[in-house]
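Asker: Structure incoming, see below.
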DNA sequence: ATCGCGTTGCGTATGCCGTACGCTACGCTC
DNA sequence: GAGCGTAGCGTACGGCATACGCAACGCGAT
């Protein structure tokens, strides 16, 4: 009755994760349903559960996969500051390529898979030269991660509002009906076209953070 | 047959929002279901929809309400730096008191209600003395918001893991089975008890960001 | 060959979810 | 007391994740 394997060979955890990522990329995380993933695989819904405990575990695996895909290069020869820029640009690219990552990583429990740990290790070692106390270094990484996440949210929010690449545009749109006279600063902000491109806006904000971090590191004491 | 009003008087949008916040506080956002809210109000499920368009709108209203509850004090007499600490501590308190805020505000669309706009206006005006270009000021606020959000996530993640108030504890727990020799920096981090309390850890991290912001402001040029 | 068994695929069914639709009963105003 | 606007809500629907158990196969032991 039932063919043992579907049109694309037998199921596997890897294939399921790959397909789920594709679905989430296209229709968003909330519309990524087990049924849709199974359909795209030419499989029955319940077949997925032979390879994945539940949907949450699948999402975790998706995050791990993407994190692994954006592995970090050898760090030798580049300074901590450039390393942080690399880190931030990688994550930034990942968030823009896979918008669902924003929701998936916004849960209270941070990811603890091998790829995530490796990324954290890479980032921490890049900060060695600053000789920060370990908790301060970890906090610095967290701060950068959160900055990237927040910036990506702004840009993606703008994209969804159909505002092209200008992060300010979406605000202007949403604020259409608001009484801007009551909020003079917001009004001034809305009237301000970003003098730089989206990438520069992002990188400059990162440098603000890095300046703060640098002031606490060894070069500061020397 | 059906009494026109429930045991607690007629329904109202306000009462629904209040009750929903209570439910979310107790059972979490994902378990905050229309049915549960209605039950607690002694009302039928569909009655809620006379006052609220759909669940998303209800959640938005909840966020607005909480944002308004944590209104900001008069700013006269305090410097921008202290103002940012006030801002951060308020948000911090809100996130810890209402853990669901983390998920609710992690969507791509930032809240645009009156209370949220007022909060943004307050923060922007507090930065006036730095004379930053408006986009840079907005970015600074965003950075701080994201920092608060991320720190709250760490602390709440630890709480959920039953680790009391030490943010490092939960990491240690989760990393139990991991090969820490492969990640020396993570190992060092795990072995490190936070030398400060949770509040100091948070405030110090904020100061790191503020240092970076200050370096771009007017006092820096003077 | 045949049997037995572990493994993989999946159909069916359950319970919960948000919510569309339309009825009911009430408080008005004339 | 007749008509009507409105708040409450019962019922029903479609979609969701997933528990359970059967079916079809691969394969080593007999």
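Protein chains in written order, with the working numbering: chain A, 1 to 222; chain B, 1001 to 1222. Here a beta-carbon is modelled for each residue, glycine too, at the ideal position from N, C-alpha and C.
Among the residues of its own chain, which have a CB less than 8 Å from the CB of residue 1040 of chain B, if the five just before and after it don't count?
Answerer: In the second chain, the residue the question calls residue 1040 of chain B occupies position 40. Closer than 8 Å at the Cβ level, and outside the excluded window around residue 1040 of chain B, lie 1019, 1022, 1023.
Asker: Taking the alpha-carbon positions, what's the residue 206 of chain A to residue 147 of chain A distance?
Answerer: Against the first chain, residue 206 of chain A aligns to sequence position 206. Against the first chain, residue 147 of chain A aligns to sequence position 147. Computed Cα separation, rounded: 7 Å.
Asker: For residue 154 of chain A, which option in A:10, A:199, A:133, A:135 has the closest C-alpha, if you only look at C-alpha atoms?
Answerer: Position 154 of the first chain, counting from 1, holds the residue named residue 154 of chain A. The shortest CA-to-CA distance from residue 154 of chain A to any of A:10, A:199, A:133, A:135 is the one to A:199.
Asker: Could you check how far apart the C-beta atoms of residue 17 of chain A and residue 62 of chain A are, in whole angstroms? I think they sit under 8 Å.
Answerer: Walking along the first chain from the start, residue 17 of chain A turns up at place 17. Walking along the first chain from the start, residue 62 of chain A turns up at place 62. By a beta-carbon distance limit of 8 Å, residue 17 of chain A contacts residue 62 of chain A. Their separation comes to about 6 Å.
Asker: In three-state terms, what does DSSP make of residue 13 of chain A?
Answerer: In the first chain, counting from the first residue as 1, residue 13 of chain A sits at position 13. Residue state, collapsed to three classes: helix.
Asker: Can you pull the chain A residues whose beta carbon is under 9 Å from the beta carbon of residue 1033 of chain B, in chain order?
Answerer: The residue you call residue 1033 of chain B lines up with position 33 of the second chain. The contacting residues do not exist; residue 1033 of chain B stays about 16 Å from chain A at best.
Asker: Determine whether the beta carbon atoms of residue 229 of chain A and residue 93 of chain A lie at a separation below 8 Å.
Answerer: Residue 229 of chain A cannot be examined here, being either before or after the span of chain A that is shown, 1 to 222.
Asker: Leaving out five residues on either side along the sequence, give the residues of the same chain with a beta carbon under 8 Å from the beta carbon of residue 1128 of chain B.
Answerer: The residue you call residue 1128 of chain B lines up with position 128 of the second chain. The answer, listed in chain order, is 1080.
Asker: Within 8 Å (strictly less), CB to CB, does residue 1216 of chain B reach chain A?
Answerer: Residue mapping note: residue 1216 of chain B aligns to position 216 of the second chain, counting from 1. By this cut-off, residue 1216 of chain B is an interface position.
Asker: Indicate whether residue 1111 of chain B and residue 1057 of chain B have their beta-carbon atoms separated by less than 8 Å.
Answerer: The sequence position of residue 1111 of chain B within the second chain is 111, counting from 1. The sequence position of residue 1057 of chain B within the second chain is 57, counting from 1. Not a contact, by the Cβ cut-off of 8 Å.
Asker: Residue 1124 of chain B and residue 1138 of chain B - do their beta-carbons sit closer together than 8 Å?
Answerer: Here residue 1138 of chain B is taken as the residue at index 138 of the second chain, counted from 1. Here residue 1124 of chain B is taken as the residue at index 124 of the second chain, counted from 1. In this structure, residue 1124 of chain B lies closer than 8 Å to residue 1138 of chain B by Cβ.
Asker: The alpha helix (DSSP H) with residue 1062 of chain B in it runs from where to where?
Answerer: The count along the second chain starts at 1 and reaches residue 1062 of chain B at position 62. Looking at the DSSP string, the run of the alpha helix (DSSP H) that includes residue 1062 of chain B is 1055-1069.
Asker: For residue 156 of chain A, tell me which candidate among B:1106, B:1120, B:1033, B:1202 has the shortest Cα-Cα distance.
Answerer: Indexing the first chain from 1 puts residue 156 of chain A at position 156. That would be B:1106, whose Cα lies nearest to the Cα of residue 156 of chain A.
Asker: What in chain A is Cβ-close to residue 1062 of chain B, meaning under 9 Å?
Answerer: Counted from its first residue, the second chain places residue 1062 of chain B at position 62. None at all; the shortest Cβ gap to chain A is about 17 Å.
Asker: What does the alpha-carbon distance come out to for the pair residue 1209 of chain B and residue 13 of chain A?
Answerer: The residue given as residue 1209 of chain B occupies position 209 in the second chain. The residue given as residue 13 of chain A occupies position 13 in the first chain. Whole-angstrom Cα-Cα distance: 42 Å.
Asker: Taking beta-carbon pairs under 9 Å, can you tell me which members of the stretch 130-141 of chain A lie near chain B?
Answerer: 133, 134, 135, 136, 137, 138, 139, 140
Asker: Is residue 1029 of chain B near residue 1103 of chain B, with beta carbons less than 8 Å apart?
Answerer: The residue labelled residue 1029 of chain B in the question sits at position 29 within the second chain. The residue labelled residue 1103 of chain B in the question sits at position 103 within the second chain. In this structure, residue 1103 of chain B lies closer than 8 Å to residue 1029 of chain B by Cβ.
Asker: What is the residue span of the alpha helix (DSSP H) that residue 200 of chain A lies within?
Answerer: The residue given as residue 200 of chain A occupies position 200 in the first chain. Per DSSP, residue 200 of chain A belongs to the alpha helix (DSSP H) from 198-214.
Asker: Counting C-beta neighbours from all protein chains within 10 Å, is the total for residue 1084 of chain B 16 or more, i.e. buried, or is it exposed?
Answerer: The residue given as residue 1084 of chain B occupies position 84 in the second chain. By the 10 Å Cβ count, residue 1084 of chain B comes out buried.
Asker: Here's the rule: buried if 16 or more other CB atoms are within 10 angstroms of the residue's CB, otherwise exposed. What is residue 1066 of chain B?
Answerer: Position 66 of the second chain, counted from the start, is the residue given in the question as residue 1066 of chain B. When all chains shown are included, residue 1066 of chain B counts as buried.
Asker: Have a look at residue 213 of chain A and residue 75 of chain A and give me their C-alpha separation to the nearest angstrom.
Answerer: Looking up residue 213 of chain A in the first chain gives position 213. Looking up residue 75 of chain A in the first chain gives position 75. One C-alpha to the other measures close to 19 Å.
Asker: Output needed for residue 1098 of chain B: all residues of its chain with C-beta closer than 8 Å, excluding positions within five of it in sequence on either side, in chain order.
Answerer: What you label residue 1098 of chain B is simply residue 98 of the second chain in a count that begins at 1. Closer than 8 Å at the Cβ level, and outside the excluded window around residue 1098 of chain B, lie 1021, 1024, 1025, 1066.
Asker: Does DSSP put residue 3 of chain A in a helix, in a strand, or in coil?
Answerer: The count along the first chain starts at 1 and reaches residue 3 of chain A at position 3. Residue placement at residue 3 of chain A is flagged as unreliable, the pLDDT there being 47, under the threshold of 50; the coordinate-derived value follows with that caveat. It is coil, neither helix nor strand.
Asker: Which whole-angstrom value describes the C-beta separation of residue 1047 of chain B and residue 1038 of chain B, a residue pair presumed to lie in contact below a C-beta threshold of 8 Å?
Answerer: For the purposes of this step, residue 1047 of chain B is taken as residue 47 along the second chain, with counting starting at 1. For the purposes of this step, residue 1038 of chain B is taken as residue 38 along the second chain, with counting starting at 1. At roughly 7 Å, the Cβ-Cβ gap stays under 8 Å, so residue 1047 of chain B and residue 1038 of chain B are in contact.
Asker: Taking C-beta to C-beta, are residue 120 of chain A and residue 1180 of chain B nearer than 8 Å?
Answerer: Looking up residue 120 of chain A in the first chain gives position 120. Looking up residue 1180 of chain B in the second chain gives position 180. Their beta carbons are not under 8 Å apart, which means residue 120 of chain A does not touch residue 1180 of chain B by this criterion.
Asker: Do you know whose CA, among A:132, A:88, A:109, A:49, lies nearest residue 149 of chain A's CA?
Answerer: Locating residue 149 of chain A in the first chain gives position 149, where the first residue counts as 1. Of A:132, A:88, A:109, A:49, the residue nearest in Cα terms is A:88.
Asker: The alpha helix (DSSP H) that contains residue 185 of chain A, what's its start and end?
Answerer: To locate residue 185 of chain A, count along the first chain from 1; it is residue 185. Annotation: the continuous alpha helix (DSSP H) that includes residue 185 of chain A extends over 184-191.
Asker: DSSP three-state call for residue 1033 of chain B: helix, strand or coil?
Answerer: Here residue 1033 of chain B corresponds to residue number 33 of the second chain, with the count starting at 1. Coil at residue 1033 of chain B, not helix or strand.
Asker: Which residues in chain A have a C-beta closer than 8 Å to the C-beta of residue 1192 of chain B? List them in chain order.
Answerer: Counted from its first residue, the second chain places residue 1192 of chain B at position 192. Counting only Cβ-Cβ distances below 8 Å, residue 1192 of chain B has contacts in chain A at 133, 134, 135, in chain order.
Asker: Counting only the same chain and skipping the five closest in sequence on each side, list residues whose C-beta sits under 6 Å from that of residue 1002 of chain B.
Answerer: Start at 1 with the first residue of the second chain, and residue 1002 of chain B comes out as number 2. Note that residue 1002 of chain B scores 42 on pLDDT, short of 50, meaning its location in the model is unreliable and no value can be drawn from it.
Asker: My assumption, with CB atoms under 8 Å, is that residue 64 of chain A sits in contact with residue 115 of chain A. Please give the rounded CB distance.
Answerer: Numbered from its first residue, the first chain carries residue 64 of chain A at position 64. Numbered from its first residue, the first chain carries residue 115 of chain A at position 115. Contact between residue 64 of chain A and residue 115 of chain A is confirmed by a C-beta separation of about 5 Å, below the 8 Å threshold.
Asker: What is the C-beta distance between residue 1189 of chain B and residue 73 of chain A, in whole angstroms, given that I count them as a contact (C-beta under 8 Å)?
Answerer: Position 189 of the second chain holds residue 1189 of chain B. Position 73 of the first chain holds residue 73 of chain A. Between residue 73 of chain A and residue 1189 of chain B the Cβ distance is about 23 Å, and since that is not below 8 Å, they are no contact.
Asker: At the level of alpha carbons, what is the spacing between residue 1218 of chain B and residue 132 of chain A?
Answerer: Counting from 1 along the second chain, the entry for residue 1218 of chain B is found at position 218. Counting from 1 along the first chain, the entry for residue 132 of chain A is found at position 132. Cα to Cα, the separation comes out at about 28 Å.
Asker: Note down, in chain order, every chain B residue with its Cβ under 7 Å from the Cβ of residue 121 of chain A.
Answerer: Along the first chain, one-based indexing puts residue 121 of chain A at 121. Within chain B, the residues near residue 121 of chain A are 1183, 1185, 1186.
Asker: For the alpha helix (DSSP H) containing residue 98 of chain A, list its first residue and its last residue.
Answerer: To locate residue 98 of chain A, count along the first chain from 1; it is residue 98. No alpha helix (DSSP H) holds residue 98 of chain A; DSSP gives it neither H nor E.
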